[in-house]
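Novice: One line per chain: the protein sequences are B and F, in this order.
Residues in the first sequence are numbered from 2 upward in steps of one, following the working numbering.
Residues in the second sequence are numbered from 2 upward in steps of one, following the working numbering.
Glycine is no exception: its CB is placed at the ideal position from the N, C-alpha and C atoms.
Being a predicted model, the structure only gives us computed values, none of them experimental.
2 protein chains.
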Amino acid sequence: MLRFVVMWMCLPVFLLAQEKQDSLTIRKIYNYHLEESHSHQNLYDLCKNVGARLSGSPQAAKAVEWAKNAMQQAGADTVYLIPCQVPHWVRGSKEKGQLFYQGKKEDLSVCVLGGSVATPKQGLRAKVVEVHSFDELKQLGETHIRGAVVFFNVSFPPTYIHTGDAYAHTVKYRSGASLAAQYGAVATVTKSMTTATDDYPHTGVMHYYDTLTTKKIPAFAISAAGAATLSARLLQNKNAELFLFSDCATLPDEPSYSVVGELRGHEFPNEIMVVGGHLDSWDLPGSEGAHDDGVGIVQTIEQLRAFKKLNLKNKRTLRVIAFMNEENGTRGGEAYAQVAAQEKNKKHIAALESDMGGFTPRTIGVEAQGDTLLYYKKWQPLFEPYFVLIKKGYGGEDISRLVALGVPQFDFDPDSQRYFDFHHAANDTFEHVNKRELELGAATINAFIYLIDKYGAYKK
Amino acid sequence: MLRFVVMWMCLPVFLLAQEKQDSLTIRKIYNYHLEESHSHQNLYDLCKNVGARLSGSPQAAKAVEWAKNAMQQAGADTVYLIPCQVPHWVRGSKEKGQLFYQGKKEDLSVCVLGGSVATPKQGLRAKVVEVHSFDELKQLGETHIRGAVVFFNVSFPPTYIHTGDAYAHTVKYRSGASLAAQYGAVATVTKSMTTATDDYPHTGVMHYYDTLTTKKIPAFAISAAGAATLSARLLQNKNAELFLFSDCATLPDEPSYSVVGELRGHEFPNEIMVVGGHLDSWDLPGSEGAHDDGVGIVQTIEQLRAFKKLNLKNKRTLRVIAFMNEENGTRGGEAYAQVAAQEKNKKHIAALESDMGGFTPRTIGVEAQGDTLLYYKKWQPLFEPYFVLIKKGYGGEDISRLVALGVPQFDFDPDSQRYFDFHHAANDTFEHVNKRELELGAATINAFIYLIDKYGAYKK
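1) Identify which residue in F:H133, F:K97, F:V129 and F:H267 has its Cα closest to the Cα of R145 of chain F.
2) Whose CA, out of F:D399, F:G124 and F:W380, lies closest to the CA of E335 of chain F?
3) Quick check on G227 of chain F: does DSSP put it in helix, strand or coil?
4) Under three-state DSSP, which class holds A1 of chain F?
5) Tell me which residues share the same chain as D281 of chain B and place their Cβ nearer than 7 Å to its Cβ, disregarding the 5 neighbours each side in the sequence.
6) Taking the beta strand (DSSP E) that E354 of chain B falls in, what are its first and last residues?
7) Could you give the residue range of the beta strand (DSSP E) that holds I322 of chain B?
8) For the candidate residues B:N346, B:G277, B:T445 and B:F152, whose alpha-carbon lies nearest to that of G98 of chain B?
9) For D429 of chain F, which residues from the same chain have a beta carbon less than 8 Å from its beta carbon, with the 5 sequence-adjacent residues on both sides left out?
10) Between the Cα of L264 of chain B and those of B:G52, B:T79, B:V65 and B:Y31, spot the shortest distance and give me the residue it belongs to.
11) Considering only the alpha carbon of each residue, which of F:K139, F:D166 and F:T171 lies closest to N154 of chain F?
12) Got a sec? Which residues, its chain only, sit under 6 Å from G227 of chain B by beta carbon, not counting five neighbours each side?
13) Let's test the definition: count the other Cβ atoms within 10 Å of the Cβ of L441 of chain F and tell me whether it reaches 16, buried, or not, exposed.
14) Can you say whether F411 of chain F is buried or exposed, counting buried as having 16 or more other CB atoms within 10 angstroms of its CB?
15) Name the chain B residues whose beta carbon is nearer than 7 Å to that of E438 of chain F?
16) Is it a yes or a no for the segment 172-183 of chain B touching the segment 208-216 of chain B, going by three-plus beta-carbon pairs under 8 Å?
17) Could you work out which residue in F:E368, F:K192, F:Y102 and F:T215 is closest to Y174 of chain F when comparing CA atoms only?
18) So if I threshold CB-CB distances at 7 Å, which residues from the segment 161-186 of chain F count as touching chain B?
19) Determine, using beta carbons only, whether P88 of chain B and D254 of chain B come nearer to each other than 8 Å.
20) Quick one, which residues of the segment 196-208 of chain B are near chain F if we go by CB-CB under 7 Å, in chain order?
21) Could I get the ranges of all uninterrupted beta strand (DSSP E) runs contained in the segment 113-199 of chain F, with 3 residues as the minimum, in chain order?
22) For the segment 281-307 of chain B, which residues have a beta carbon sitting closer than 9 Å to at least one beta carbon of chain F?
23) Using DSSP with H/G/I as helix, E/B as strand and the rest coil, what is H279 of chain B?
24) If we call anything under 8 Å between Cβ atoms a contact, is E354 of chain B one with G278 of chain B?
25) Note down the Cα distance separating A323 of chain F from V261 of chain F, rounded to an integer number of angstroms.
26) Counting only beta-carbon separations shorter than 8 Å, does N32 of chain F have a partner in chain B?
27) Just checking, does the segment 299-318 of chain F make contact with the segment 435-453 of chain F on the three C-beta pairs under 8 Å criterion?
28) Whose C-beta lies closer than 7 Å to the C-beta of L403 of chain F among residues of the same chain, with five residues either side of it excluded?
29) Got a sec: is the Cβ-Cβ distance from P382 of chain B to anything in chain F below 8 Å?
30) Kindly say whether N435 of chain F, judged by its beta-carbon, lies nearer than 8 Å to any beta-carbon of chain B.
31) Once DSSP output is grouped into helix, strand and coil, what is the label at E440 of chain F?
32) When the distance is taken between beta carbons, is Q304 of chain F closer than 8 Å to V275 of chain F?
33) Between E36 of chain F and chain B, is there a C-beta pair that is closer than 8 Å?
34) If we cut at 8 Å on Cβ distances, does F153 of chain F have a partner in chain B?
35) Going along chain B, which residues have a C-beta under 8 Å from T361 of chain F?
36) Shortest alpha-carbon distance to T251 of chain F belongs to which of F:L47, F:V118 and F:E432?
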C-alpha cells in the first residue's frame with residue numbers, strides 16, 4: 002500500500018483518472034481550511050464569549066444559542082434544536098483540600114468530581130489511606146479503611162502510545178467511592194487522569210453503585226503534583242489528616258437541546274451523514290472547554306461552510322450536530338437516536354464524531370472490520386500526503402447511541418500526546434489549541450465525508 | 002504493507018521469529034524513553050542553566066562543557082572535543098524599530114538578522130517600500146527604491162502540510178539586502194518566517210552577495226503582527242517613515258568545539274554510526290534554543306544511556322555528536338567531516354540528525370532511493386505501532402558535510418505544525434516542549450539506530 006502510494010505521489014500519470022480528480026478535490030479542501038477557515042475564530046468566540054458550559058448551566062443555554070447562530074452563519078439550509086432533559090449538577094464555590102501534619106497545614110489542589118455528593122457543611126477531616134488499586138483496597142478491608150479518606154494514587158501509565166488507552170485503564174478510579182464506602186471510608190481522593198506533572202486537578206464524571214452500597218461519600222480529584230506531595234507526606238506522617246470541603250449539589254434535571262445544522266442532499270436527500278462533537282464542557286473555573294470539545298464543535302460546523310464555499314454539492318444530506326450533555330449523561334445523543342429511529346423514510350449511512358482535541362490528524366477510525374473496513378481503506382492513498390491513516394476505530398460517545406440502529410460509526414482521532422495535559426482541567430483554554438492543528442483536523446474530516454458523500458457507505 | 006502490518010498486530014504468530022524479537026526490543030526501547038529517560042531533565046538543565054548559545058558567545062563555551070559532562074553522565078566510553086573556528090557575530094543591546102506617520106510614533110517588533118551590519122550610530126530613518134517578491138523589487142527599480150527601506154512582506158504559505166516546505170520557499174528573503182542595496186535601498190525589513198500571527202520577531206542568518214554589490218545595508222526581521230501593522234499603516238500613509246537601529250557587530254572568529262560521545266562497538270568497532278544535533282542556538286533575549294536544537298542534543302545524548310541501560314550491546318560504534326555552529330556557519334560539521342576523512346581505518350555507515358524540534362514522531366527520512374530506500378523500508382512494520390513512517394528524506398545540515406565521503410544520511414522528522422511558532426524566536430523555551438513528544442522522538446531515533454546497528458547499512 003505504502004509503496005503504491007509513493008509511486009502515486011511521484012507519478013500521478015499512473016493514477017486512475019477518478020483517483021486523480023479526488024486527490025485534487027481533497028487538496029482544495031485542505032487549502033480551504035488552511036487559508037480561509039472560520040474554525041479558529043469560532044473557537045475563540047465560543048471559548049471567550051461563552052466559556053465553560055456544563056449541562057444545565059446558563060452558559061450551556063448560551064452555547065445552544067451560539068451554535069444555532071454559528072450554523073446559520075456557516076450556511077446551513079436549516080438549523081433546528083432537539084430537546085433533551087439534562088442532569089444539573091453544580092460544583093458550588095468553595096471546594097478545598099488541606100493536609101494537616103506535625104502541626105502544619107498545607108493546601109492541596111483538589112476538585113470535587115462531577116456527580117459527587119457534597120461534604121458535610123463544616124467539611125470533613127480524617128486520616129488518609131493510600132491505595133494503588135481496587136484489589137489493594139479490598140485487601141486492607143474495613144479494619145483499615147473505616148473512617149478514612151481513601152487516596153487512589155494510581156499512575157496514568159506513560160507507555161501507551163495512544164494516551165486514550167491509559168485513560169481507559171485508569172478512569173474507573175474516579176468511581177471508586179461506592180467500593181470505598183462499603184468498607185466505611187468517608188471520602189475518596191483520586192489522582193488526576195493526566196500525562197502532565199503539573200498542579201491542575203482534572204475533573205470528570207463519577208458514578209455511585211447502589212449494588213455495592215447506597216451510602217454516598219464525596220469523591221475528589223487531586224492534581225498530579227498534589228498526589229506526589231500527599232504520597233510523600235504520608236510516608237513521613239502516618240497520622241496526617243486531610244480536610245476536604247465541597248458544597249456541590251445535584252439539582253433537578255433541566256430542559257436543554259442539541260443543535261442540528263443541515264445541508265440537504267442534491268441526489269439522495271434521505272441518506273443522512275452525521276458529523277458532530279459535543280457542546281457541553283466541564284466547569285472548572287478558568288476552563289473554556291477548548292480541546293474538549295469546542296474543537297469538535299467548530300471543526301464540524303466548518304463542514305457546512307466548506308461544502309458551500311467549495312461548491313461540493315453534497316449528494317446526501319449532511320447533518321452537523323452539536324450534541325448536548327456528553328460529559329455527564331449523553332442525553333443529547335440518546336434524544337437524537339430516538340429522533341433518528343422515528344425517521345422511517347430516512348437512512349443514516351454514516352456518523353462521525355470529533356472529540357479527541359484539536360491536534361495534528363493521525364487517523365480516521367472506522368468502527369468495522371473485514372470487507373467493510375477494506376472498503377474505506379481503499380481511500381488511504383488519497384490521505385497519504387496529509388499523513389492520515391484510515392484504520393479500525395471506535396466511533397464516539399454521542400453517536401454510539403446510533404449503533405442500535407445499525408449506523409456505521411467513524412471517529413476523527415488526532416495525535417493524542419498532549420490531550421490529557423488539558424482534559425477536564427482549568428487549562429483547557431483557547432490558547433492551548435494550535436490554529437494549524439485545528440484546521441488540519443477539520444480538513445481531514447471534510448475530505449473523508451466528501452468521499453462518503455461521493456461514493457456512499459459500504460454495502461454488502 | 003499497511004494491510005500486512007494490521008495482520009501482524011492482530012496475529013503475532015504469523016510474524017517471523019526475528020521480526021517478533023525486534024518488535025519486542027523496540028517496545029522495550031520506547032518504554033525506556035517514556036518511563037526512565039533523562040531527556041526532559043537534560044533539556045531543562047541546558048535551557049535554564051546555559052540558555053541561548055550563539056557561536057562564539059560565553060554561553061556557547063558553557064554549552065560545550067555542559068554537553069561533555071552530559072555525555073559522560075549518560076555513559077559514553079569516551080568523550081572528546083573536535084575544534085573548529087566559528088564566526089562571532091553579536092547582536093548588541095539596543096535594536097529598535099519605530100514607525101513615524103501623521104506626527105505619530107509607533108514601536109514595531111523587529112530584530113536584526115544574524116550576520117547583518119549595524120545601522121549608523123544614530124540609527125537610520127527613511128520611507129518604506131513594501132514588496133512581495135524579488136521580481137516586484139526589480140520592477141520598481143532604483144527610481145522607487147533609492148534611499149528607502151525595502152519591506153519584504155512575503156507570506157509564509159499555510160498550505161504546505163510540512164511547514165519546512167513553506168520555510169524553504171521564503172527563507173531567501175532574509176538575504177534580500179544585497180539585491181535591495183543594488184537599487185539604493187538603505188535597509189531591509191523581512192516578515193518573520195513563521196506560521197504564527199503573534200508579535201515575536203524571528204531571527205536567522207542572512208547573507209550578502211558581493212556579486213550583486215559590495216555595499217552592505219542592515220537587514221531586519223519584523224514579527225508577523227508587526228508586518229500586518231506596517232502594511233496597514235503604509236496603505237494609509239504613503240509618507241510614513243521607519244526608524245531602525247542596531248549596534249550589532251561581526252567580531253574576529255573564535256575557537257570553539259563540537260562534542261563527541263562514543264559507545265565502542267563490540268563486533269565492528271570500526272563501523273561508525275553518527276547521531277547528532279547542534280549545540281549552538283539563536284540568541285534573542287529570552288530564547289533558550291529549546292526546540293532548535295536543545296531537543297536534538299538531549300535526544301541524541303539519551304541514545305548513550307539507553308543503549309547501556311537496555312544492554313543493547315551495540316556491535317558498531319555509536320558516535321553521538323553535539324555539533325557547534327549549525328546556525329551561522331556549519332563549521333562544526335565541516336571540522337568533523339575533515340576528521341572523518343582522515344580516519345582511514347574506519348567507515349561511517351550512517352549519519353542521522355535531529356534538528357526539527359521536539360514534536361510527535363512522524364517520519365524517519367532516508368536520503369536515498371531505489372533498492373537502498375527499500376532496504377530500510379523493510380523495517381516499516383516495526384514502526385507501525387508508533388505511527389512512524391520510513392520514507393525518503395533529507396539528512397541534516399551538520400551531517401551534510403559527510404555526503405562527500407559517501408556516508409548514508411538520515412533524519413528524524415517529527416510533526417512540523419508548531420515548529421515555526423518558535424523557530425529562532427524569543428519563545429523557543431523549555432516550556433514549549435512537551436515531555437512525551439520529546440521522549441517519543443528519542444525512542445524513534447533509538448529504535449532505528451538499533452536496527453542499523455543490528456543489520457548494518459544497505460550494501461549493493
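Specialist: The structure says:
1) According to the sequence provided, residue 145 of chain F is His. The question's Arg does not apply to it. For the residues F:H133, F:K97, F:V129 and F:H267, the minimum Cα distance to H145 of chain F belongs to F:V129.
2) The candidate whose alpha carbon is nearest that of E335 of chain F is F:D399.
3) Look at G227 of chain F here: in three-state DSSP terms it is helix.
4) The first residue shown for chain F is 2 and the last is 461, placing residue 1 of chain F beyond what the model contains.
5) Taken in chain order, the residues that qualify are R54, L55, S56, A61, M325, N326, E327 and E328.
6) For E354 of chain B, the uninterrupted beta strand (DSSP E) run begins and ends at K348 to S355, by DSSP.
7) Counting along the chain, the beta strand (DSSP E) containing I322 of chain B begins and ends at R317 to F324.
8) If you compare the alpha carbons of B:N346, B:G277, B:T445 and B:F152 with that of G98 of chain B, the shortest gap goes to B:F152.
9) So the qualifying residues of the chain are S282, W283, S288, E289, G290, A291, H292, D293 and F423.
10) From the listed residues B:G52, B:T79, B:V65 and B:Y31, the smallest Cα separation to L264 of chain B is found for B:T79.
11) It is F:T171.
12) Correct list, in chain order: L109 and S110.
13) With 16 or more other Cβ atoms from the protein chains shown falling within 10 Å of its own Cβ, L441 of chain F counts as buried.
14) F411 of chain F should be labelled buried.
15) Result: Q418.
16) The segment 172-183 of chain B vs the segment 208-216 of chain B: in contact.
17) Minimum Cα distance to Y174 of chain F is reached at F:K192.
18) Within the segment 161-186 of chain F, the residues whose Cβ lies closer than 7 Å to some Cβ of chain B are I162, listed in chain order.
19) A distance below 8 Å separates the beta carbons of P88 of chain B and D254 of chain B.
20) Taking 7 Å as the Cβ-Cβ cut-off against chain F, the residues of the segment 196-208 of chain B that qualify are T196.
21) Taking 3 residues as the shortest admissible run, the segment 113-199 of chain F contains the following complete beta strand (DSSP E) segments, listed from N- to C-terminal end: 125-132, 150-153 and 188-192.
22) Legend: CB atoms of the segment 281-307 of chain B lying less than 9 Å from CB atoms of chain F are not found in any residue.
23) Correct three-state label for H279 of chain B: strand.
24) Yes; because the gap between Cβ atoms is below 8 Å, this pair is in contact.
25) In a straight line, the C-alpha of A323 of chain F is about 6 Å away from that of V261 of chain F.
26) Yes, because at least one Cβ of chain B sits closer than 8 Å to the Cβ of N32 of chain F.
27) The segment 299-318 of chain F makes contact with the segment 435-453 of chain F, as at least three CB pairs between them are under 8 Å.
28) Taking C-beta separations shorter than 7 Å and ignoring five residues to either side along the sequence, the partners of L403 of chain F in its chain run A338, A341, H349 and A352, following chain order.
29) Chain F places no beta carbon closer than 8 Å to that of P382 of chain B, leaving this residue out of the contacts.
30) So, interface residue.
31) E440 of chain F falls in the helix class under three-state DSSP.
32) Not a contact, by the Cβ cut-off of 8 Å.
33) Chain B, which has a Cβ nearer than 8 Å to the Cβ of E36 of chain F, makes this yes.
34) False, the Cβ-Cβ gap to chain B never drops below 8 Å.
35) Scanning chain B for C-beta atoms nearer than 8 Å to the C-beta of T361 of chain F yields T361, D416 and Q418, reported in chain order.
36) Of F:L47, F:V118 and F:E432, the smallest CA-CA separation from T251 of chain F is found for F:V118.
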